[in-house]
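Working notes, structure below.
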Amino acid sequence: MSVPAGFLPSAGSVGRALRVALPVAVLLALVPVVLPQYQAILLAYGLAMAIGALGFNLLLGYTGLLSFGHSAYFGVGAYAVALMVKYLKVGSMELFLLGAIVAAVAVTALFGVVCVRYTRIFFGILTLALSQVLWSLAFKFFWVTGGTDGLRVPTPSLFGGLVTGGGDKITFMSHAYYYYVLVVFCVCVSLMWVVVNSPFGMALQAIRDNETRAEFVGVQIWRYRWVAFLVSGVFTGLAGALWVPLNGLTTPDIMHWTFSGEIVFMTVLGGFRSFAGPVIGAIVFNYLKTYAVGYTVYWQLLLGSVLVALVLSLPTGIVGTAGRLLARFREER
Amino acid sequence: MNLLVTQDLVKSFGDVRAVDRVNFTVKEREVLALIGSNGAGKTTLVNLISGLFSPDAGRILFRDQDVTHQSVHGRIRAGIARSFQLVNLFDQLSTLDNVALTVFARQGKTLNLAALAATDSAVWDEAAEILKSFGLAAKASMMAGGISQGERKLLDVAVAYALRPKLLFLDEPTSGVSTREKAPIMDTVSSVVRSTGISAAIIEHDMDVVFNYSDRIVAMHQGTILADGTPDEIRRNESVITTLIGTTGRDH
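Going down the list, the protein sequences come from chains X and L. In terms of the numbering used here, the first sequence opens at residue 1 and continues consecutively. In terms of the numbering used here, the second sequence opens at residue 334 and continues consecutively.
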């Protein structure tokens with residue numbers, strides 16, 4: 001009996017995932033061609049954030065650990081890029097990504113050792129406290145980090161210098177850089193999909209559902225949580241590295257706990273019990289925030305009201321609700 | 334030949350000595366029943382042997398190796414597995430996934446991040462076989478949280494069995510199920526245990542189950558071993574009758 005059942009992807013579901021992913025990828029590829037430059041740049045921000053939310057959700061949705069400190073790893077990625085520019089005069093995006101991965105591995109490996117020994121509120125508070133330590137370092141060591149002025153990151157070169165932003169920066173960001181972000185996004189989504197559908201992903205879900213039993217089937221809880229923490233942090237660090245050239249500047253704000261809250265919110269908004277939820281949530285949140293900021297000086301009030309309304313009306317997130325409506329529609333037919 | 338030996342095992346919780354210098358053995362290929370009233374120390378003893386608790390004193394020898402201070406993981410690798418009194422499953426995974434995960438873990442594959450679990454057909458075939466032997470094949474794709482209590486009890490045992498242990502502890506495998514379901518559950522469990530030649534130690538309150546399915550019975554009372562013998566010997570043991578079974582025990 002060869003029956004991969006339940007939530008696990010059978011060969012069929014690999015095909016099903018591709019049937020959804022490929023049209024979406026094609027649509028995303030058409031964005032710079034059919035939409036204004038501003039919209040493409042906005043979406044590039046959303047895709048970068050989506051990578052971070054995807055990483056965050058490996059902990060929340062799959063391992064059952066709510067981190068309030070993911071701004072730290074996002075900031076580590078962004079500051080790794082900025083410091084490479086400042087001290088090493090590097091301008092290659094590939095080297096930026098490599099540097100961000102190395103920095104994120106170093107920081108998350110260390111923070112993970114401290115945090116994953118705890119769960120629930122203790123885990124959340126520890127992650128928050130450690131992220132605030134990094135925030136205060138970025139804030140206070142102004143001779144290294146630029147303090148509140150931050151560090152400037154110029155337009156990078158892509159593909160080993162083959163594509164450069166020598167001309168119009170807006171055109172570069174909305175076309176060449178957008179496609180670069182899209183490619184990294186697709187690679188990250190594919191990698192995360194494999195991770196959550198691997199035996200390791202199963203073990204994480206087992207830990208989430210029943211830690212005691214997971215231990216008694218031979219899963220070494222601490223080690224698995226640490227690896228999940230590491231992978232999660234690296235994805236979020238990559239997101240920071242992709243985000244900072246778009247923004248052109250990194251400041252301590254992105255390491256503050258309120259930014260961690262935004263990452264939590266994106267994920268919950270999209271639906272943390274689905275693979276695509278954090279991606280959708282990050283893109284939607286990015287649009288909501290951008291338009292709220294542009295609409296009124298009281299944008300926090302407006303954004304907060306909209307978000308509360310969305311969470312109350314969509315308790316399982318956008319993807320969860322869409323799935324339920326689709327199932328009901330199919331039943332009625 | 335003894336598979337498991339405990340020597341003067343002690344565990345206290347505050348002033349209460351839950352397990353008091355217990356010398357307990359499980360032989361190879363035997364089905365042993367561990368009986369006693371609530372608070373007698375049965376579950377604490379199993380928790381000590383399986384690694385959930387650390388003993389205050391004493392030793393645990395499994396296949397002549399001292400496992401007293403080994404981790405849960407180490408004991409699983411040595412061949413000790415257990416089920417739980419309150420069903421302990423991964424409720425948001427399917428029944429097949431519950432067993433398959435255990436097979437993946439036993440084979441040391443759960444740290445593999447780079448391969449799709451679904452492509453390892455050997456694991457899924459083994460998991461499906463185990464489900465079939467426990468009569469749960471028809472429930473393979475159902476969520477573990479969505480099957481009946483009797484089926485959950487069986488799945489709990491199947492998950493422990495998927496570790497291919499040499500000694501399987503079953504903590505009240507028929508508690509919380511109807512009287513009618515008890516015999517089929519025990520028939521299934523007993524059939525799997527006997528056919529594979531492993532040893533099993535069953536904590537149980539139902540005396541019908543105890544006397545019908547075990548080769549040997551160990552009775553515990555207030556943290557100590559009150560009696561140890563065959564079902565016939567235990568049935569005739571006056572101290573067991575007065576302390577645990579009551580007069581109806583004579584009818585068995």
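Using N, Cα and C, we set each Cβ at its ideal position, and we do this for glycine too.
Going straight from the alpha carbon of A309(X) to that of L446(L), what length do you get?
Their backbone Cα atoms lie some 38 Å apart in a straight line.
| query | Where do the ends of the beta strand (DSSP E) carrying F346(L) lie? | reply | It spans N335 to F346 - the beta strand (DSSP E) in which F346(L) sits, taken as one unbroken run.
For I480(L) and L488(L), what's the separation of their Cα atoms in angstroms? One C-alpha to the other measures close to 10 Å.
Exercise. Please list the residues of the region 419-445 of chain L that have a C-beta atom closer than 7 Å to any C-beta atom in chain X, keeping them in chain order.
Key: Hits within the stretch, in order: N421, L422, F423, D424, Q425, L426, S427, L429, D430, L434, T435, F437, A438, R439, K442, T443, L444 and N445.
Same chain, Cβ closer than 7 Å to A433(L), five either side skipped, listed in chain order
Around A433(L): V456, W457 and A460.
> What does DSSP give as the partner residues of K360(L) in its beta bridges?
Replying inline: Per DSSP, N335(L).
So for D149(X), helix, strand or coil by DSSP? In the three-state reduction of the DSSP assignment, D149(X) falls in the helix class.
When DSSP labels each residue in this structure, what does L205(X) get in the three-state scheme? According to the sequence as given, residue 205(X) is Gln; it is not Leu. Residue state, collapsed to three classes: helix.
Interface partners of M202(X) on chain L, CB under 8 Å: In chain order, L426, D430, A433, L434, F437, T443 and A450 make up the part of chain L whose C-beta sits under 8 Å from the C-beta of M202(X).
Only counting the same chain, and skipping five residues up and downstream in sequence, which positions put a Cβ closer than 8 Å to that of V3(X)? Note that V3(X) has pLDDT 40, beneath the 50 cutoff, so the model's placement of it is unreliable and no number is given.
Does any residue of chain L have a CB that is nearer than 7 Å to the CB of P278(X)? So, not an interface residue.
Note down the Cα distance separating V268(X) from L426(L), rounded to an integer number of angstroms. Cα to Cα, V268(X) sits roughly 21 Å from L426(L).
Pop quiz: M266(X) and F285(X) are said to be a contact at Cβ under 8 Å. What is the actual Cβ separation, rounded to whole angstroms?
That belief holds up - the Cβ atoms of M266(X) and F285(X) are roughly 4 Å apart, short of 8 Å.
(request) List the endpoints of the continuous alpha helix (DSSP H) containing M93(X). (result) Looking at the DSSP string, the run of the alpha helix (DSSP H) that includes M93(X) is M93 to C115.
Residue range of the unbroken alpha helix (DSSP H) whose run includes V119(X) = The sequence as given places Thr at residue 119(X); Val does not occur at that position. T119(X) -> no alpha helix (DSSP H), and no H or E assigned at all.
Report the three-state DSSP secondary structure of D253(X) (helix, strand or coil).
In this structure, DSSP gives D253(X) a helical state, which the three-state scheme calls helix.
Span of the alpha helix (DSSP H) around F502(L): Unbroken run through F502(L) is the beta strand (DSSP E), L500 to D504; no alpha helix (DSSP H).
Notebook entry, point to check: What is the C-beta distance between L336(L) and S532(L), in whole angstroms, given that I count them as a contact (C-beta under 8 Å)?
Noted result: Yes, they are in contact, since the Cβ atoms of L336(L) and S532(L) sit about 5 Å apart, within 8 Å.
**Message:** My output table needs one value for F329(X): the three-state DSSP class, helix, strand or coil.
**Reply:** Annotated three-state conformation of F329(X) is helix, per DSSP.
* Asked: Does the Cβ of A11(X) have 16 or more other Cβ atoms within 10 Å, making it buried, or fewer, making it exposed?
  -> Low local confidence applies: a pLDDT of 46 at A11(X) is under 50, so the model's placement there is unreliable, and no value is given.
(message) Counting only C-beta atoms, is H406(L) closer than 7 Å to chain X at any point?
(response) Closer than 7 Å to some Cβ of chain X, the Cβ of H406(L) qualifies, so yes.
Member of L429(L), T377(L) and M476(L) whose CA lies at the smallest distance from the CA of S466(L): Of L429(L), T377(L) and M476(L), the residue nearest in Cα terms is L429(L).
* For V510(L) versus G483(L), is the C-beta spacing smaller than 7 Å? -> With respect to G483(L), V510(L) sits close: the two C-beta atoms are nearer than 7 Å.
Inter-residue spacing [alpha-carbon to alpha-carbon] between L95(X) and T316(X): Each residue's Cα considered, the two are about 39 Å apart.
### Task
Answer yes or no: does any C-beta atom of chain L fall closer than 7 Å to that of G323(X)?
G323(X) does not count as touching chain L.
Give the secondary structure of D430(L) by DSSP, where H, G and I count as helix, E and B as strand, and everything else as coil.
Helix, per DSSP.
Worksheet item: Is the CB-CB distance between T155(X) and G146(X) below 7 Å?
Response: Against a cut-off of 7 Å, the Cβ pair of G146(X) and T155(X) comes out as no contact.
Step through the CB atoms of chain X and report whether any lies within less than 7 Å of the CB of D584(L). Per-residue confidence for D584(L) stands at a pLDDT of 45, beneath the threshold of 50, marking its modelled position as unreliable; the derived number appears in the next sentence. Answer no: the Cβ-Cβ gap between D584(L) and chain X never drops below 7 Å.
Determine which residues share a DSSP beta bridge with A312(L) and list them.
-> Only positions 334 to 585 of chain L appear in the structure, and residue 312(L) is not among them; the question remains open.
Using a Cβ-Cβ cut-off of less than 9 Å, list which residues of the region 209-228 of chain X approach chain L; keep chain order. Those would be D209, N210, T212, R213, A214, E215, F216, V217, G218, V219, Q220, R223, Y224 and V227, in chain order.
request  = Give the secondary structure of S336(X) by DSSP, where H, G and I count as helix, E and B as strand, and everything else as coil.
outcome  = Outside the displayed span of chain X (1 to 333) sits residue 336(X), for which this structure offers no information.
So with Cβ pairs under 7 Å, would you call I393(L) a contact of chain X? It does not; no Cβ of chain X falls within 7 Å.
- Query: Just how far apart, CA to CA, sit D353(L) and V359(L)?
  - Reply: Taken atom to atom, the span from the alpha-carbon of D353(L) to that of V359(L) is near 18 Å.
Tell me which residues of the region 461-492 of chain L have at least one Cβ-Cβ distance to chain X shorter than 8 Å, keeping chain order. Cβ contacts with chain X: A461, E462, K465, A470, A473, S474, M476 and V492.
Point to revise | Given G556(L) as reference, the closest of L378(L), T339(L) and E363(L) once Cα atoms are compared | key: When each option's Cα is compared against that of G556(L), the closest is L378(L).
Between T206(X) and chain L, is there a C-beta pair that is closer than 7 Å?
This sequence places Ala at residue 206(X); Thr is not what is there. Contact of A206(X) with chain L is assigned, a C-beta pair being separated by under 7 Å.
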